[in-house]
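Below is one structure, written out as structure tokens; comments come after it.
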Amino acid sequence: MMKSDIHYDVIVLGAGPAGLTAGIYLSRARIRTLIINEGTVGGQMVLTHEIANYPGVETTSGYQLSGIMKKQARSFGCDIVGNASLRELMLEGPVKMVRLSDGREYSASAIILAPGGRPRQLGVPGEETFRGKGISYCATCDGDFFTGKEIIVVGGGNSALEEAVSLTKYASRVTIVHQFDHFQAFEYAIEEARNNPSIRFILSSTIAAFHGNEKLQSVDIKNLLTGELHNMPIDGVFVFIGYVPNTEFLRGKLNLNEYGEILVNANMETGINGVFAAGDAVAKRFRQITTAVGDGTVAALAAAQYVYTFRQQKQAEAVKIN
Amino acid sequence: MLYTNLNHIESAAEHQKVISENENVMICCGRMGPMCIPVYEIMEELEPQYPHVKFYDMEFDNPDARVIREAPECRGFMGLPFTVYYKNGKIVKATSSIQTMDQVKSILNQEFGVPVTA
Ligand SMILES: Cc1cc2nc3c(=O)[nH]c(=O)nc-3n(C[C@H](O)[C@H](O)[C@H](O)COP(=O)(O)OP(=O)(O)OC[C@H]3O[C@@H](n4cnc5c(N)ncnc54)[C@H](O)[C@@H]3O)c2cc1C
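Protein chains in written order, with this note's numbering: chain A, 1 to 322; chain B, 323 to 440.
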């Protein structure tokens, strides 16, 4: 068994809106809380240029909103370790343990898992080589590099169709490549894309490989119905094919569904005593900042209850011994 | 203006001074955008751990940032931020788009040496 450097009441893994909210609620209830985050504090919120649907806050940037949540959590005494790299995690038993790659170890009575998700990649040859050299996952960041150029947008959901429309501000032509013969986006987004004269569609197809020298020059497109491959010269490709939960590190440790999402009950409890989960990594239908914040609140309140009960039991045991 | 806690480079002359007066320099040239902010945060975190490296940012839309935008090592780059690593005034490595902590550390260790911890 690991022996930790520092003991907390609750450790939260992940500092997106779910984890930060849990940190705010727990610390405010004077529960000793540590948030450990791999990557940038704020999570996917930081990837969002403009947030217009967070109640009570007029249009803001994800960077600003996450900065405020972080400040709020810290103001109540929550400790936050950012850009950490997790090496080992022990969820079973009354004392949970976390070990980081740099050797630091922490223990807690309860854990809240809030690792969120990340953009899905195509996973085809050339994707890593040409990332930032023609392949992008952010239209607002990189759109202007493609002014007057021909680009592809991969995907068929709301993000793909909305971003394809916004990219026509820069690109001379946008081709949407989508694996199905229909789109999963809302009707308004499909209409807008279909009515845009700069957008054309290649359906039932996928990108099989990226080619180029210093930068991306062409892609192989595979027709999924016929299996036929054709090469298409192109300046840029934007990929919007959904998100995958960051739960690889939990495989074999607790109940995940077939998509790798964490299974919880209405109190955000997993199947393991003292282990809760919240946010985009949880099995649910809608993934938004508001839903992550709601999950984080419920998980924090349930974890607080668990910690109080745990403390009372320990006190009762101590009294018995004396 | 970049709202980071890094030191900022605001002109071509300042850029020249920084790279000529320091052996190891990392400069992240970007905007306050989703792909850039994580790199600035990583640099802020690494700054105290790498005292032998100077960390700076430079605003991509500053006309003088052409010293980075138009560097031959950044040819073909089409993703923000452009991150450049200088040793004795020469670019030894350049990357385009978001990078992870491990990717940045591995370049720093390889180009400038692993920090000596007391
Ligand atoms: C481009 C974009 C635009 C969006 N726009 C909006 C919008 O306008 N409005 C809205 O409501 N929602 C929007 N969303 C969705 C919203 O950002 C997410 O639903 C929300 O951020 C999920 O919060 P979370 O805390 O569950 O996870 P995340 O925000 O994903 O945060 C999880 C954090 O945990 C970290 N982590 C991962 N693994 C581990 C680990 N093992 N240990 C520790 N930490 C770990 C991650 O690095 C990350 O920092 C958008 C998403 C994207 C990508």
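C-beta atoms are modelled at their ideal positions from N, C-alpha and C, and glycine is treated no differently.
Here the distance from the Cβ of LEU47 (chain A) to the nearest heavy atom of ligand 1 is below 7 Å. Using a cutoff of 7 Å, the CB of ASP280 (chain A) counts as near ligand 1, since one of the ligand's heavy atoms is closer than that. CA-to-CA, the gap between GLU214 (chain A) and CYS351 (chain B) works out to about 20 Å. Here the alpha carbons of ALA171 (chain A) and THR247 (chain A) stand approximately 36 Å from one another. Not flagged as an interface residue toward chain B: ASP280 (chain A), since no C-beta distance is shorter than 8 Å. Residue contact with chain B for PHE201 (chain A): absent (no Cβ-Cβ distance below 8 Å to any residue of chain B). Under the 8 Å criterion on CB atoms, SER428 (chain B) is classed as non-interfacial with respect to chain A. Rounded to the nearest whole angstrom, the CA to CA distance from MET232 (chain A) to PRO403 (chain B) is 27 Å. Beta-bridge annotation (DSSP): ARG118 (chain A) is paired with A:VAL244. Restricting attention to A:ALA139, A:LYS149, A:ALA292, the CA atom closest to the CA of ALA160 (chain A) is found in A:ALA139. Annotation: PRO17 (chain A) is outside any beta strand (DSSP E); the continuous alpha helix (DSSP H) that includes it extends over 17-28.
The CB of TYR63 (chain A) comes closer than 7 Å to the CB of MET354, ILE359 in chain B, given here in chain order. Setting aside the 5 residues that flank it on each side, GLU92 (chain A) is surrounded in the same chain by ILE272, each with a C-beta closer than 7 Å to its C-beta; the list follows chain order.
Of all C-beta pairs linking the segment 77-89 of chain A to the segment 361-368 of chain B, three or more are shorter than 8 Å, placing the two stretches in contact.
When DSSP states are grouped into helix, strand and coil, ARG391 (chain B) belongs to the helix group.
Bridge partners of VAL12 (chain A) according to DSSP: A:ILE35, A:ILE112.
Here DSSP, grouped into helix, strand and coil, assigns ALA208 (chain A) to strand.
Positions of the alpha helix (DSSP H) runs, each at least 4 residues long and wholly inside the segment 117-170 of chain A, are given as 139-142, 158-167 in order along the chain. Judged by DSSP secondary structure, THR405 (chain B) falls within the beta strand (DSSP E) whose first and last residues are 404-409.
Ranking A:ASN267, A:ILE24, A:ARG200, A:VAL293 by CA distance to the CA of LYS71 (chain A) puts A:ILE24 first. Burial of VAL282 (chain A) is indicated by the presence of at least 16 other C-beta atoms within 10 angstroms of its C-beta. Taking a contact to require three or more Cβ pairs closer than 8 Å, the segment 338-349 of chain B and the segment 373-386 of chain B qualify as touching. For PRO360 (chain B), the CB contacts under 7 Å within the same chain, skipping 5 residues up- and downstream, are ILE420 in chain order.
If you check the C-beta of GLY157 (chain A) against ligand 1, you find no heavy atom less than 7 Å away.
Here GLY411 (chain B) is exposed: its Cβ has fewer than 16 other Cβ atoms, across all protein chains shown, within 10 Å.
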